[in-house]
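Numbering of the sequence shown is given in my numbering, commencing with residue 7 and proceeding in unit increments. What follows is a short report on a single structure.
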Amino acid sequence: MTKMIVYMFLILLISLPFAGCISEKTTLPVAAPSTNDESNTITDMRDVQVKVPKNITRAAVISDGFVECVMISLGVQDTIVAVGTTITNDYTYVFPSAKGENFTYENGKNTMLYLDPSLSDTVRLTPQQYNVISYEALASSNPDIIILRVGDCSVGWDNRDTMNKTIDTMESLGIPVIVLYSPTYYSNSDLSTMRDEIKIIGQIFGKEKDALELADYIQNTEKMISNKTKDIPESNKPTVLYFGLSPNARKAGGAGHSWGIDTPESYTIEGIVHAKNAYRDTGTAKILNTEQVLALDPDVILLATSWGYHPARELYEAPYYQNLNELSAIKNKRVYSMPWTPSNCARRLEYPIDLMITAKAAYPDKFQDITVHEWVLDFYKQVYNVDDETARGLRSAQWLEWMEEENF
């Protein structure tokens with residue numbers, strides 16, 4: 007017995023220096039093969055045919071919430087065993103006022119976590135930072151399938167070599183990998199590819215009919231908005247600035263971030279709502295300084311999730327934005343906060359709410375028949391099959407009570 011203890015101690019002593027270290031030559035763990043012999047072939051957005059188990063019980067999802075929320079809508083979220091996004095149970099933001107007071111926003115939440123709190127107990131695949139996948143955690147979660155959405159924060163699109171290496175490494179684990187491309191992946195993209203994403207997720211789980219109904223509902227909302235505004239003369243179109251009041255931008259000497267004419271955000275403004283993007287350059291999350299924002303002088307400002315939540319009150323009242331008080335949008339009280347979508351780099355399933363806020367903000371007369379704070383409750387109930395109480399909870403979790411307060 008004494009010799010056995012000594013041997014075990016020596017083995018442990020030798021192993022310790024290598025614990026947690028993985029060299030390029032280290033063989034990654036391979037997940038246990040699925041015991042389900044029946045399979046389907048799914049063509050993903052790479053146009054690659056992937057054989058997946060017919061009965062999926064364990065899914066690793068690498069997305070910012072879009073895939074997870076589609077799965078919740080389809081009723082298959084109980085298969086999720088690992089996620090790529092960072093999940094925080096509740097968010098709180100405190101903003102200073104130029105009057106020396108603070109105003110606080112509490113209990114903000116990711117919609118997928120509000121709808122299914124058990125997702126907070128799943129394995130984290132990006133535990134340290136975005137674009138750094140823990141393949142050990144991925145393999146140990148033993149999924150039947152990996153659903154990877156490229157273009158979200160978890161796995162970016164800007165470095166294609168890195169992206170392809172990530173996909174290759176996942177495939178080397180011996181697990182089927184379905185790749186979806188978010189609208190952010192494409193240059194000068196519209197939002198039609200989100201329909202393709204929904205259809206593929208439906209095919210994976212044998213929920214094609216439900217997925218098509220969901221995609222139709224989302225698309226019909228988009229068409230309704232577009233039809234109301236498509237004939238507006240160019241000279242009557244307001245300028246809209248999609249603006250992120252990021253503290254990171256302020257640290258870099260800017261006032262905030264904006265999105266250029268080649269982004270999905272701009273397509274929302276110009277291609278669907280038929281207004282004008284005030285920022286005429288290209289690029290995503292470009293830093294604008296105070297002088298640039300004042301020169302743009304947009305008619306409408308939409309405050310995006312940008313390294314945190316940003317209410318209209320921040321732009322109106324925070325001391326660090328008092329130098330923007332001469333903006334027309336501020337003088338005319340045409341600043342609107344978009345839904346809280348934490349850890350989000352692309353469009354999520356709730357993107358029609360963004361469309362509706364943009365449309366009502368740009369053309370209040372055209373949309374006077376729609377009260378958005380009531381419409382959004384119907385949206386939640388339709389998309390997630392929830393009751394009125396849960397819909398109100400979702401509206402609160404996305405910090406959209408301002409719409410009811412202002413009868414927007």
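Built from N, CA and C at the ideal position, the CB exists for glycine as well. None of the values given here were measured: they were computed from a predicted structure.
| request: Report whether the distance from the Cβ of glycine 260 to the nearest heavy atom of the ligand FMN is below 6 Å. | output: With respect to the ligand FMN, the structure offers nothing, as it holds no ligand at all.
| query | Between proline 348 and threonine 311, which are expected to be in contact by the criterion C-beta below 8 Å, what is the C-beta distance as a whole number of angstroms? | reply | Indeed they touch by this definition, with Cβ atoms about 7 Å apart.
| said: Count Cβ pairs between the segment 148-158 and the segment 184-194 that sit closer than 8 Å; are there 3 or more? | reply: yes
| query | How about the segment 338-352 and the segment 306-324: do they share at least three Cβ pairs that are nearer than 8 Å? | reply | yes
| field | Length at least 3, wholly inside the segment 166-219: the beta strand (DSSP E) runs in chain order | value | 183-187
| query | So threonine 132 and glycine 71 are in contact, right, with Cβ under 8 Å, and what is the actual spacing, rounded? | reply | About 13 Å; that fails the 8 Å criterion.
| said: At the level of alpha carbons, what is the spacing between serine 140 and threonine 175? | reply: 11 Å
| Three-way DSSP call (helix, strand, coil) for isoleucine 307 in this model | strand
| request: Can you have a look at glycine 259 and say buried or exposed, based on whether 16 or more other CB atoms are within 10 angstroms of its CB? | output: exposed
| query | Does DSSP put isoleucine 231 in a helix, a strand or coil? | reply | helix
| request: Compute the Euclidean distance between the alpha carbons of valine 279 and leucine 179, then round it to the nearest angstrom. | output: 44 Å
| query | Across which residues does DSSP place arginine 130 in a beta bridge pair? | reply | In the DSSP assignment, arginine 130 forms a beta bridge with Val89.
| request: Can you tell me which of Tyr357, Tyr390, Leu186, Lys229 puts its alpha carbon nearest to the alpha carbon of tryptophan 163? | output: Leu186
| Contact check, serine 147 vs tyrosine 390 under 8 Å by CB: the rounded distance? | Rounded, the Cβ-Cβ distance is 25 Å, inconsistent with contact.
| request: Say whether the segment 249-269 touches the segment 313-330, bearing in mind that this needs 3 or more beta-carbon pairs closer than 8 Å, one atom from each stretch. | output: yes
| query | Which residues bound the alpha helix (DSSP H) around valine 389? | reply | 378-390
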